[in-house]
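Residue numbers (my numbering), protein chains in the order written: chain A, 552 to 857; chain B, 552 to 857; chain C, 552 to 857; chain D, 552 to 857. Don't be surprised by glycine CBs; every beta carbon is placed ideally from N, CA and C. What you are looking at is a predicted structure, and each value in this text was computed from that prediction instead of being measured. One structure is given below, encoded as structure tokens.
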């Protein structure tokens with residue numbers, strides 16, 4: 552046969568796991584969506600119908616749940632590294648050559664109720680009651696190939712808006728251009744970000760504080776979005792990426808996907824009303840889509856274009 | 552013809568409007584999704600093809616955007632009342648007999664950046680930069696029939712979880728029952744709530760402080776969810792509804808729809824692990840769905856079952 | 552307590568069941584999404600925490616799956632009637648007063664492969680291989696209160712388009728009207744339809760042929776949509792409803808929800824191009840939403856407005 | 552600055568265009584969702600705020616709509632090639648180095664009505680009335696870099712099921728394995744496929760018949776799915792890919808993503824019922840996810856892993 556089996560991988564996707572810690576009356580929870588993908592010696596599975604080299608996707612699912620008990624979940628990144636190492640290092644006959652673990656993490660906040668034990672009006676957290684934070688989803692992707700660990704973390708669905716300090720003009724005008732130049736427009740986007748850590752999983756290498764790093768990267772992106780006087784969404788993208796690199800030594804590369812969530816000024820002149828940048832129509836589609844990578848000089852960027 | 556045209560209505564749905572207030576450097580925004588539905592003398596539109604009585608849906612859309620400028624948007628409820636009154640009272644020849652305005656409101660928080668002007672570490676809000684709160688959506692439905700205004704406000708997609716203080720046992724066991732009784736389970740739900748205000752739009756009647764009322768109703772539901780030791784989701788539902796009625800005199804009726812977002816304890820015994828209420832699988836479907844109304848005695852409930 | 556527990560109901564929602572018939576090599580499948588809601592003597596469940604009257608939602612789920620084996624699934628309607636009757640008639644101490652079964656049905660077509668046994672080019676169905684028809688979803692809702700069965704069937708997500716034979720003009724022009732009259736426009740909508748059968752479940756009453764009736768109702772709606780020269784979407788709605796009533800004696804009432812999926816003619820004049828009703832932009836939101844009921848004279852309409 | 556701007560691109564995404572051909576009373580329609588992404592000399596746009604090299608996303612949108620008139624839409628592929636060539640070849644000063652056009656295509660079928668002009672019962676198509684085929688979406692991606700055109704077409708959301716002829720056994724059993732071997736199971740999946748054409752856009756090269764090729768590739772995948780007696784979803788994937796390569800010379804490489812849409816046999820034994828592969832629960836999540844590429848020997852595979 553003149554056909555070749557190329558890249559292939561498999562595993563159980565979207566294992567929805569909630570891990571509760573009950574060590575005190577103040578419970579802690581981790582809420583993850585874990586997807587496993589394995590590469591290796593799977594030619595026979597495709598070609599001959601022999602599953603002798605196939606670790607069932609069901610087993611990969613069981614492993615996720617069992618590891619939540621055995622190893623706990625301190626962070627999505629650390630949990631993913633432990634899983635990836637296991638599938639490559641411990642599967643029999645070394646048939647798994649590489650494992651990719653993708654995790655989405657959902658955030659929960661504590662519900663607060665009035666503190667009736669205090670003389671003064673206050674509030675206290677209920678130790679076992681949570682309300683889900685509906686904002687951005689935290690993401691990570693771990694790849695381990697038997698030697699090196701690669702960690703690309705990120706977030707998605709972080710929706711932000713500047714009501715001013717955004718212009719767009721001076722662009723190419725060709726025969727299909729009708730856009731009017733804008734000197735004060737709304738700039739809104741739904742941030743998808745991925746950033747690669749320099750951490751590579753060497754034995755002598757300490758893992759970063761993943762949770763702390765996430766909070767800081769997120770904060771720097773928000774601050775850069777808010778503080779950049781913008782002449783294009785591209786410029787804002789670049790400011791967000793460089794702000795992260797300037798402030799977080801553990802990050803080597805940042806890639807952002809920023810849809811331009813258009814807010815069109817409504818023409819109120821037929822009703823004898825002046826619209827002084829007050830009333831906008833928020834459009835769904837079409838949207839500009841701006842994507843880009845910023846990386847440290849000398850580092851080979853690896854975050855793929857999607 | 553032996554056929555009758557029954558209930559009918561029409562209008563422009565999902566007008567996505569963003570209103571910006573720029574009165575100071577600290578901008579304010581309102582982000583709404585407004586749907587209009589009109590009832591009235593529309594038989595000819597259906598039967599003869601004459602549109603003489605038809606106010607175009609496009610006009611209802613224009614009105615929404617124009618009113619955002621003319622009247623402003625202090626709250627979704629007040630804005631909806633103004634719109635509903637307009638369509639009934641001002642459409643020519645009184646052909647619109649009743650108007651229903653439904654509004655979804657999305658919340659935005661301010662982005663904060665480090666306060667570099669302060670000697671001490673602090674943070675300050677950026678006046679024109681916002682991050683969308685991805686949590687629950689605020690809702691309201693205004694109906695005006697030329698005489699009375701009815702306001703049913705609510706929220707949806709408020710996801711909450713108790714990691715303990717929930718039991719379920721002592722239920723009917725028939726031949727199809729296999730469920731094991733539970734003495735300590737996770738209770739999680741995605742709250743959809745609607746509550747009716749006693750406000751009816753009489754000329755001498757002051758409108759409630761809608762925004763303040765919303766915050767309080769939401770808070771009372773969260774507190775009741777957190778503080779109720781629950782023997783069924785029904786019991787929690789009832790506690791949430793009565794807590795609102797007990798504390799908010801302006802509300803007459805509360806209806807809740809609570810899907811039981813099941814978290815199943817994973818059986819780790821095949822792996823020689825004990826799962827002491829620590830590792831759960833969060834299921835998508837099927838789910839229990841618990842719905843109910845609590846209302847003041849003597850008040851006729853009006854919030855429809857969906 | 553001055554508060555009253557009003558309408559309440561509960562049950563297991565979205566039981567995703569696939570039933571396979573293997574009586575010959577030509578398999579048959581039914582693919583349903585079944586939701587159960589029970590009303591009855593559930594005050595204690597809400598008020599005291601006693602579940603003595605509570606049939607667990609888990610049991611209602613088990614019943615759905617067991618009945619698929621015990622009674623089979625000839626049609627969603629017949630299956631729903633059997634389920635609803637069971638919950639009301641057989642639950643202990645008569646605590647269930649009314650049961651509502653909602654079902655979505657997904658259609659599958661057979662995969663055909665070339666018929667190599669035929670001298671002529673032909674194709675034959677593979678007896679066990681199916682491809683899902685991604686078009687409309689068939690729906691039904693059965694309510695049984697111990698005496699009467701009510702069947703409201705329907706469909707959703709049937710997307711249709713006429714590229715001509717649609718006008719819209721002669722409407723009210725008020726100060727907020729800017730819409731231009733249209734003498735040849737695209738008319739497109741996503742049909743949601745519900746129709747009530749006269750069948751009431753009396754002992755001596757034969758059930759209609761539900762599957763056949765569904766096919767005919769669907770066909771009549773499509774034909775009416777295609778054949779109506781339309782002056783408004785309301786007129787098309789009315790034509791669709793009356794066509795069903797005129798042709799299907801078993802149906803008493805039809806309700807339609809028709810979003811006007813706007814297709815806007817793109818202005819190509821800046822590029823020196825004439826757009827002779829050839830190039831359209833298909834908008835997502837906002838959309839007109841037209842809803843209406845047509846029923847036989849003398850019949851009380853019951854399909855609720857949503 | 553020690554930071555480098557890496558891969559970046561931008562354009563207008565999801566231009567929803569409907570093109571109507573009215574050359575006879577039998578209209579034809581094309582319904583596309585077109586996304587444009589441009590790469591080139593955009594450093595200044597990111598770094599200095601100068602937009603002198605920026606062709607606005609709005610212009611790319613206008614171009615899509617104008618080209619639908621100027622060049623027509625015979626197929627998504629031909630339309631995409633024309634667009635991609637334009638952006639690279641015609642943008643001023645050659646600042647666009649590469650253009651990627653992604654298109655989703657939605658299929659519509661004609662509505663048929665009874666043919667009343669025929670003596671025999673028949674049906675005829677209405678020339679201007681269509682019902683959307685809700686099945687799979689056709690996709691294509693065109694990349695043009697100034698020299699070579701690369702065409703990767705595909706489909707998504709093609710849902711298929713075999714009710715028998717699927718087994719899974721003989722796999723690795725490790726300490727986390729609990730799965731029972733299966734000798735007759737349902738195999739269902741939602742096909743996402745991409746295939747690369749050998750066409751490279753040389754001047755002397757004829758374009759394939761894209762529409763015809765699509766129909767054949769789709770048919771071969773369906774037939775391979777139906778006719779393969781399967782020992783794993785991997786084996787089915789491989790059979791689908793090789794069937795396409797064996798039959799379609801214009802295709803070089805096929806990549807498939809096949810979620811294993813699990814149908815779990817429901818345990819009816821607690822109800823004294825035997826489930827002889829008749830009653831299944833269709834699960835949403837978790838799901839196995841099987842991905843793989845098959846390509847001709849000697850061809851370098853290019854379809855990216857996602």
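By the C-beta criterion, the region 725 to 738 of chain A is judged to be in contact with the region 596 to 609 of chain D, since at least 3 inter-stretch pairs fall below 8 Å.
At least one beta carbon of chain C lies nearer than 8 Å to the beta carbon of residue 613 of chain B. Residue 726 of chain B reaches chain D at 822, counting residues in chain order whose Cβ is nearer than 7 Å. Between the region 555 to 566 of chain A and the region 835 to 855 of chain D there are three or more C-beta pairs closer than 8 Å, enough to call the two in contact. Taking a contact as a CB-CB distance under 8 Å, the pair residue 693 of chain C and residue 628 of chain C counts as one, their CB atoms being some 7 Å apart. Distance from residue 568 of chain A to residue 589 of chain A at the Cβ level is roughly 18 Å; contact not present, criterion being Cβ atoms closer than 8 Å.
Beta-bridge partners assigned by DSSP to residue 746 of chain B: B:704 and B:805.
Under the Cβ distance rule, residue 741 of chain A does not count among the residues neighbouring chain D, no pair being separated by less than 8 Å.
Contact annotation: in the region 561 to 584 of chain B, no residue has its CB less than 8 Å from a CB in chain D.
Annotated three-state conformation of residue 641 of chain C is helix, per DSSP. Interface residue (Cβ-Cβ distance to chain A less than 8 Å): residue 777 of chain B is classified as such. Considering only beta carbons, the part of the region 794 to 815 of chain D lying closer than 7 Å to chain C consists of 814, in chain order. By the CB criterion at 8 Å, residue 713 of chain D and residue 674 of chain C fall outside the cutoff. Within its own chain, the residues whose Cβ lies closer than 7 Å to the Cβ of residue 708 of chain A, once the five positions on either side in sequence are excluded, are 687, 688 and 741, listed in chain order. Proximity of chain C to residue 787 of chain D at the Cβ level (cut-off 7 Å) is not reached, the minimal Cβ distance being about 11 Å. For residue 772 of chain C, the closest of C:684, C:845, C:756 and C:833 by C-alpha to C-alpha distance is C:845.
For residue 580 of chain C, the beta-bridge partners assigned by DSSP are C:571.
Taking the Cα of residue 699 of chain C as reference, the smallest distance to any Cα among C:812, C:630 and C:650 is reached at C:650.
Nearest in C-alpha terms to residue 725 of chain D, of all of A:848, A:604, A:587 and A:580, is A:604. The residue among C:800, C:601, C:769 and C:827 with its C-alpha nearest the C-alpha of residue 759 of chain C is C:800.
Annotation: residue 812 of chain C to residue 780 of chain C spans about 18 Å, alpha carbon to alpha carbon.
The C-beta separation of residue 659 of chain C from residue 704 of chain C comes to about 19 Å, leaving the pair out of contact by the 8 Å criterion. Taking C-beta atoms under 8 Å as the contact rule, residue 695 of chain C and residue 733 of chain C fail to qualify, at a distance of about 47 Å. Using a CB distance cut-off of 8 Å, residue 620 of chain C counts as an interface residue toward chain D. For residue 691 of chain D, the closest of D:710, D:655, D:683 and D:678 by C-alpha to C-alpha distance is D:655. Burial state of residue 806 of chain D is buried, judged by a 10 Å Cβ sphere holding 16 or more other Cβ atoms. Annotation: the continuous alpha helix (DSSP H) that includes residue 787 of chain C extends over 784 to 798. Taking 8 Å as the CB threshold, residue 654 of chain A stays off the interface with chain B.
With a cutoff of 8 Å on beta-carbon distance, residue 796 of chain A and residue 809 of chain A are scored as not near each other. Exclusion of the five residues before and after residue 684 of chain D leaves 658 and 660 as the residues of its chain whose Cβ lies within less than 6 Å of its Cβ. Taking 8 Å as the upper bound for CB-CB distance, residue 553 of chain D and residue 848 of chain A are in contact here, some 5 Å apart. In terms of Cβ geometry, residue 829 of chain A and residue 571 of chain B form a close pair [threshold 8 Å]. Residue 766 of chain C has its alpha-carbon roughly 14 Å from the corresponding atom of residue 664 of chain D.
Its chain contains 737, 814, 815, 816 and 817 as the residues whose beta carbon lies nearer than 7 Å to that of residue 831 of chain A, once the 5 sequence neighbours on both sides are disregarded; these appear in chain order. Bridge pairing for residue 695 of chain D: D:650 and D:700 [DSSP].
Each of A:743, A:782, A:614 and A:697 was checked against the Cα of residue 754 of chain A, and the nearest Cα belongs to A:697.
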